[in-house]
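Heads up: the structure comes next, in C-alpha cells.
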Amino acid sequence: MLALDSLVTDLIFKQAAQLDQQTLIDALGGVEAAKQKKLLDPDMLDPRMEMELSPSMPFRRRGERRLMIIDDSQPLREDPQNPLVDVDLRPAKEALIAMCEALPVRLGRLFALGAWGDAVLVARSARDLRAISLLAWALDPTVDVDGKRRASQLGKAEFETKIMAYEKRLEELDDAEILAGLTGGITFERRGELLVVDVLGPDGTWDQRNSMVLEAQLAAVDRFSMLPGAPSRPRVEARPAARAAATPAAPPAPPPAPEPVGPPLATAEVGGSLVIIFPAARFDLDVAAALGKRDWDQVIRAGDQLSGSMRDRIQRDGAGWVAPLEFLSEVFVDGKPLSKPTFEAGARAVAGGVRELEVHFPRFGSVMLLEVPGKGRFVSSLKDQTDAVVALVAR
Numbered sequence: 001m002l003a004l005d006s007l008v009t010d011l012i013f014k015q016a017a018q019l020d021q022q023t024l025i026d027a028l029g030g031v032e033a034a035k036q037k038k039l040l041d042p043d044m045l046d047p048r049m050e051m052e053l054s055p056s057m058p059f060r061r062r063g064e065r066r067l068m069i070i071d072d073s074q075p076l077r078e079d080p081q082n083p084l085v086d087v088d089l090r091p092a093k094e095a096l097i098a099m100c101e102a103l104p105v106r107l108g109r110l111f112a113l114g115a116w117g118d119a120v121l122v123a124r125s126a127r128d129l130r131a132i133s134l135l136a137w138a139l140d141p142t143v144d145v146d147g148k149r150r151a152s153q154l155g156k157a158e159f160e161t162k163i164m165a166y167e168k169r170l171e172e173l174d175d176a177e178i179l180a181g182l183t184g185g186i187t188f189e190r191r192g193e194l195l196v197v198d199v200l201g202p203d204g205t206w207d208q209r210n211s212m213v214l215e216a217q218l219a220a221v222d223r224f225s226m227l228p229g230a231p232s233r234p235r236v237e238a239r240p241a242a243r244a245a246a247t248p249a250a251p252p253a254p255p256p257a258p259e260p261v262g263p264p265l266a267t268a269e270v271g272g273s274l275v276i277i278f279p280a281a282r283f284d285l286d287v288a289a290a291l292g293k294r295d296w297d298q299v300i301r302a303g304d305q306l307s308g309s310m311r312d313r314i315q316r317d318g319a320g321w322v323a324p325l326e327f328l329s330e331v332f333v334d335g336k337p338l339s340k341p342t343f344e345a346g347a348r349a350v351a352g353g354v355r356e357l358e359v360h361f362p363r364f365g366s367v368m369l370l371e372v373p374g375k376g377r378f379v380s381s382l383k384d385q386t387d388a389v390v391a392l393v394a395r
C-alpha cells in the first residue's frame, strides 16, 4: 500500500535510455538508502492507476520509462489539507538534482503523493518544464483547446482535438519566453545543462499554493496563439536590452481586471462548523484544488455575502462544502471514472430515497456522492453527515 502525502521523487527517463542497475543504486545513495524507499514502476500498473496517482500522458513519449521513488517513512504533514509542508526539502532537492546529473533523466520532480503540484522541477529544456505544466490544461475535460473553461464537459471530438494540439502548443513559446515568465517567489537556477525550478522557502519548507502559481506561469495558457503552433507574439527577449541614454516614461498601469461574475456562495452551520454551499457556476476542478489546499482566497470572492468574522473563521478553522455534480464520470472509484452501473451496484440507500457512495474527486480527495430525488447529484466533504447535506441541498 502507498501512503498518501509521502514524498515522491519522480524520474522520467529519456527515450530508449539504458538504465544500469548499479548506477541507479548509486544515484539513490547506495543499497541501504535504496532499501528505505519504495520504488514504483507505473508502467507495471493499469494505465488508469497512473492517471489517478500522477498522470504523465501525453507528456511522456513512447519508450520513455518512469520511476517513482516514494519515501513513506512518515507523511509530510499531520493534516494533508494544510497547504504548508513544514519540512526542510532542500536535501531532497539536492538529491533529485544529483540523480538527474547521474542518470539519463528527461524530467525530475519532487511532490507529495496524492496532491497536485510540484515542489521542485528539474529538466534539460524549458520546453519540458512547460510541457509538464500544461498537463492540467490537456487533461481537464471542461477546458477547451483555447484554454477557455466551459460550463459543461467537452465532447469526445473536442477533447481529442485538444490532445492533438498539445504538442503544437509547445512550439508557440521559445525557451527564453518560457523562463521570462517566472516571477515572484519562484526560484530558477542552472546546474550545468540542468534547469532547476522550485517553490521552496528559504528554510526549505513548501507552500503548495505557490505550486499552483508555478504551474500557471510555466503553462502560460493566457499566451496561447489563435492557431495552435503559431509563434506567440510579442516575443520576449532572453536578456534585457542595454539601458538607453534616456529612459522613456513608463506607461500608466492598466486598471485591475474585474472580478469574475457569478452567483454568490451560500453558507450554513453544521455540527458547529461552517459549510460552503456552491452553485454549479462556482464549482470546478480549480476550485476543488483550492479546497484541497485550503486556499480560501481562491474560493471566496469579495462579493460573497460573508461577514468578516466568518471569513476569519474559515481562514482559521476551514470549512466543509457541498457542490452539485453534473456527470458521474467527474469522480472516480477504484481508479476508474464512475459509471452509472457502478454507482447503481455500489451505492447505499438511506432515508428518503437518497443514495450515497464514497468516491474520489480529482485534485481534492475522498468525498461523498449523494443522489437526492428531485434535486440531483451532489458531492460533499461531509462524508459522515448525510442527513445534514440532504437538508442543505433540499432547502
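Going by the numbering used here, the letters in the sequence shown line up with residues 1 to 395, in that order.
We put the beta carbon where it would ideally sit given N, CA and C, even for glycine.
Remember, it's a predicted structure, so these values are computed and weren't measured experimentally.
Beta-carbon proximity of residue i to residue j, cut-off 8 angstroms
{"i": "residue 117", "j": "residue 10", "result": "no"}
{"i": "residue 178", "j": "residue 130", "result": "yes"}
{"i": "residue 214", "j": "residue 113", "result": "no"}
{"i": "residue 89", "j": "residue 204", "result": "yes"}
{"i": "residue 106", "j": "residue 173", "result": "no"}
{"i": "residue 332", "j": "residue 338", "result": "yes"}
{"i": "residue 86", "j": "residue 285", "result": "no"}
{"i": "residue 34", "j": "residue 98", "result": "no"}
{"i": "residue 294", "j": "residue 83", "result": "yes"}
{"i": "residue 165", "j": "residue 145", "result": "yes"}
Local Cβ density within 10 Å of residue i, reported as buried at 16 or more and exposed below that
{"i": "residue 396", "result": "Only positions 1 to 395 of the chain appear in this structure, which leaves residue 396 out of reach."}
{"i": "residue 235", "result": "Here residue 235 scores only 47 on pLDDT, less than 50, and its place in the model is too uncertain to base an answer on."}
{"i": "residue 25", "result": "exposed"}
{"i": "residue 327", "result": "exposed"}
{"i": "residue 121", "result": "buried"}
{"i": "residue 376", "result": "exposed"}
{"i": "residue 31", "result": "exposed"}
{"i": "residue 271", "result": "exposed"}
{"i": "residue 50", "result": "buried"}
{"i": "residue 315", "result": "exposed"}
{"i": "residue 150", "result": "exposed"}
{"i": "residue 73", "result": "exposed"}
{"i": "residue 282", "result": "buried"}
{"i": "residue 128", "result": "buried"}
Close beta carbons around residue i, own chain, < 6 angstroms, minus the five adjacent residues each side
{"i": "residue 16", "result": "63"}
{"i": "residue 175", "result": "126"}
{"i": "residue 237", "result": "At residue 237 the pLDDT is 48, less than 50, meaning the model places this residue with poor confidence; the figure from the coordinates comes in the next sentence. If we look at residue 237 and ignore the five residues flanking it on each side, it has no Cβ neighbours."}
{"i": "residue 450", "result": "Lying outside 1 to 395, the shown extent of the chain, residue 450 is not represented and no answer is given."}
{"i": "residue 188", "result": "182 and 197"}
{"i": "residue 217", "result": "181 and 182"}
{"i": "residue 23", "result": "none"}
Presumed contact (8 angstroms Cβ cut-off) between residue i and residue j, rounded CB distance
{"i": "residue 40", "j": "residue 100", "result": "Rounded, the Cβ-Cβ distance is 18 angstroms, inconsistent with contact."}
{"i": "residue 198", "j": "residue 93", "result": "6 angstroms"}
{"i": "residue 268", "j": "residue 370", "result": "Rounded, the Cβ-Cβ distance is 15 angstroms, inconsistent with contact."}
{"i": "residue 162", "j": "residue 138", "result": "7 angstroms"}
{"i": "residue 302", "j": "residue 362", "result": "With 8 angstroms as the limit, residue 302 and residue 362 do not qualify as a contact, their Cβ atoms being about 28 angstroms apart."}
{"i": "residue 219", "j": "residue 134", "result": "5 angstroms"}
{"i": "residue 335", "j": "residue 78", "result": "In fact, because the Cβ distance is near 27 angstroms, the residues do not count as touching under 8 angstroms."}
{"i": "residue 42", "j": "residue 68", "result": "6 angstroms"}
Cβ neighbours of residue i in the same chain (closer than 7 angstroms, five flanking residues each side left out)
{"i": "residue 70", "result": "2, 6, 8, 37, 38, 40 and 113"}
{"i": "residue 290", "result": "298 and 299"}
{"i": "residue 313", "result": "274"}
{"i": "residue 381", "result": "320, 321 and 367"}
{"i": "residue 96", "result": "9, 108, 110, 120 and 122"}
{"i": "residue 45", "result": "none"}
{"i": "residue 159", "result": "141"}
{"i": "residue 279", "result": "263"}
{"i": "residue 59", "result": "131, 132 and 135"}
{"i": "residue 296", "result": "314 and 315"}
{"i": "residue 156", "result": "none"}
{"i": "residue 247", "result": "Any answer about residue 247 is weak, because its pLDDT of 47 lies below 50 and its placement is not dependable; what the coordinates show is given next. So no residue of the chain qualifies."}
{"i": "residue 153", "result": "141, 142 and 327"}
{"i": "residue 356", "result": "347, 348, 350, 368, 369, 370 and 386"}
{"i": "residue 340", "result": "328"}
Own chain partners of residue i with C-beta closer than 8 angstroms, once the 5 adjacent residues on each side are dropped
{"i": "residue 19", "result": "13, 65, 103 and 104"}
{"i": "residue 359", "result": "331, 332, 333, 338, 366, 367, 368, 369 and 379"}
{"i": "residue 192", "result": "101"}
{"i": "residue 396", "result": "Since the first residue of the chain shown is 1 and the last is 395, residue 396 is not available in this structure."}
{"i": "residue 292", "result": "81, 115, 116, 363, 364 and 365"}
{"i": "residue 190", "result": "196"}
{"i": "residue 75", "result": "3, 4, 5 and 6"}
Residue i: CB within 7 angstroms of a non-hydrogen atom of the ligand MG
{"i": "residue 184", "result": "No copy of the ligand MG occurs in the structure displayed, which carries no ligand at all."}
Min CB distance residue i to chain C below 8 angstroms
{"i": "residue 16", "result": "Among the chains of the structure shown, chain C does not appear; only one protein chain is present."}
(request) May I ask you to verify whether the segment 262-278 touches the segment 376-394, counting CB pairs closer than 8 angstroms and requiring at least 3? (result) yes
(message) For the segment 309-323 against the segment 342-359, do three or more pairs of beta-carbon atoms, one drawn from each stretch, fall closer than 8 angstroms, so that the two count as touching?
(response) no
(request) Determine, using beta-carbon pairs with one atom in the segment 300-312 and one in the segment 349-363, whether at least three such pairs fall under 8 angstroms. (result) no
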